[in-house]
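The opening residue of the sequence shown carries number 7 in my numbering; numbering runs sequentially from there. Don't be surprised by glycine CBs; every beta carbon is placed ideally from N, CA and C. Structure first, commentary second.
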Amino acid sequence: MDDNHVLIFDTTLRDGEQVPGCKLNTPQKIEIARQLEALGVDVIEAGFPISSPGDFKSVVEISKNVTEPIVCGLSRGVKKDIETAAEALRFAKRPRIHTGIGTSDSHIKYKFKSNRERILEWAAEAVAHAKKFVEDVEFYAEDAGRTENEYLARVCEAAIKAGATVLNIPDTTGYCLPDEYGAKIKYLRDNVPGIENVIISAHCHNDLGLATANSISAVMNGARQIECTINGIGERAGNTSLEEVAMIMKQHPRLNLQNRINSRLLNPVSRLVAERMGMLVQPNKAIVGTNAFAHSSGIHQDGVIKNRETYEIIDPLEVGVDESMIVLTARSGRAALAFRAHKIGYNLTKLELDKVYHIFLNHADIKKEIMDEDIHEIIAEAGINQHQEV
Ligand code: KIV
Ligand code: ZN
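As structure tokens, then:
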């Protein structure tokens, strides 16, 4: 694999599905997994097989239904979990077990009532056990974001020695700042023997709205896998959003990082996940929100009508949106009104436009948005009897 290639590990069907009320059934999961394959993700985390018979079945069926991506199953660092994950993955062409344990002092003390030395052994035992079933074992150090770097390095070293192929360094609580998380990845690269032979993975949560920034900081510091979800869904405030990291790498050639995502499918896949999960995407969400390519203020509209690049850094077609929207509101100017009127067949002269614009503003102050049918009415109200050219 090329040194600058960043693997996209999609966990929509595992961490994403942990969103309250967003449960999917097996056929829906298969449908989404197929679309993720078409989108070009490298790894699909299909579920947490020990968690329920339904999740077990979904991992089995997804393993049968996708061929290109690695199919991954989550397990705690517990023998029974690992064996159940291995069993669920038996039909996968490229199976991966994702196992691990909490490594921060708070997890060690409160969750495990244990100590650092025992957790170190436990991590190695979990990886070694998973290795009996599959070649590809990803180790997660849960709450790595709040784990002291020196100890984390020792845990990572033990996991590598036990056979881990991927090291996941989760910022489970979304606490890290981008420079801090990037420095953590760099520290591990510089201090863990054998780390050059494994892939370092970023898994960031969005509790402070920093998941995407932290993931990008990680790949700038040598991580080569990003764990993310469609629409950024996931536990609490969510996970890193797939569409954001994929497009950041694409829009910033200076990063010199590539991924296999077919960006034209980003919006269709976003809509599919939103619909199946019954979880609406916030309108101002980057890349996939309904307003991501909508312009509503007069100054912006005038610029975009003259040249799209004045206010758009992404061609909407590149992410599967047919065209930008010029939304008519009381903040819109004459250029936008003339543009929209032209689209529905009117060629207004300057004088006509002045007249129509005046009436338009009165309507727009009352209505939130002026639609095409309103434009017909406004033009008629202005007494303009122009033949539409459509
Ligand atoms: O956020 C997290 O730490 C996780 C692990 C289980 C990988 O989701
Ligand atoms: Zn997570």
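| Item | Value |
| --- | --- |
| Beta carbon of V133 nearer than 8 angstroms to that of V143 | yes |
| Distance cut-off 7 angstroms: E43 Cβ against heavy atoms of the ligand GDP | You won't find the ligand GDP in this model; what it holds is the ligand KIV and the ligand ZN. |
| Coil, strand or helix - E144 by DSSP | strand |
| Pick from V66, C78 and V84 that is closest to D21, judged by C-alpha positions | C78 |
| Pick from I107, H306 and R270 that is closest to L45, judged by C-alpha positions | R270 |
| Three-pair Cβ contact test at 8 angstroms for the segment 83–98 versus the segment 295–308 | no |
| Whether E43 touches V72 by CB criterion (8 angstroms) | yes |
| D9 versus I206: straight-line alpha-carbon distance, rounded | 12 angstroms |
| Coil, strand or helix - C162 by DSSP | helix |
| Collapsed DSSP secondary structure at G27 in the structure displayed | coil |
| Closer than 7 angstroms: P176 CB and nearest the ligand KIV heavy atom | yes |
| Cβ-Cβ distance between V294 and L272 below 8 angstroms | yes |
| Close-in-space but distant-in-sequence residues of the same chain around A98 (CB under 7 angstroms, 5 per side omitted) | S69 and V77 |
| Three-state secondary structure assigned by DSSP to G53 | strand |
| Reduced DSSP category for V396 - H, G, I as helix; E, B as strand; rest coil | Here the model assigns V396 a pLDDT of 48, short of 50, so the residue's position is not dependable, and the following value carries that caveat. Three-state result, V396: coil. |
| Beta-carbon gap between L343 and L359 smaller than 8 angstroms | yes |
| Per-residue burial, G188 [other beta carbons within 10 Å of its own, 16 or more giving buried] | buried |
| Cβ-heavy atom distance, D21 to the ligand ZN, below 7 angstroms | yes |
| Buried versus exposed, by CB contacts within 10 Å (16 or more), G326 | buried |
| Residues of its chain near T178, where Cβ-Cβ distance is below 7 angstroms and the 5 sequence neighbours each way are ignored | E148, D149, G151 and H211 |
| Sufficient close CB pairs (3 or more, under 8 angstroms) joining the segment 241–253 to the segment 277–289 | no |
| Opening and closing residue of the beta strand (DSSP E) in which N174 lies | V172 to D177 |
| For N220, the three-state DSSP class (helix, strand or coil) | helix |
| Unbroken stretches of the alpha helix (DSSP H), 4 residues or longer, contained in the segment 64–109 | 85–94 |
| Contact check, I232 vs V225, beta carbons under 8 angstroms | yes |
| heavy atom of the ligand KIV below 7 angstroms from E148 C-beta | yes |
| Residue of I50, P26, D48 and F62 minimising C-alpha distance to T32 | F62 |
| Closest residue to G108 among N391, I191 and E123 (Cα-Cα distance) | E123 |
| Under the three-state DSSP convention, the category L13 falls into | strand |
| Stretch-stretch touch, CB-based, cutoff 8 angstroms, three pairs: the segment 185–203 with the segment 151–160 | yes |
| N-terminal and C-terminal residue of the beta strand (DSSP E) that E249 is part of | Taken as a continuous stretch (DSSP letters only), E249 belongs to no beta strand (DSSP E), being part of the alpha helix (DSSP H) at L248 to Q257. |
| First through last residue of the alpha helix (DSSP H) which encompasses I305 | G304 to K312 |
| Beta-carbon gap between H209 and P184 smaller than 8 angstroms | no |
| CB of I201 within 8 angstroms of CB of I166, strictly | yes |
| Ordered list of alpha helix (DSSP H) runs contained in the segment 254–302, each at least 4 residues | 272–283 |
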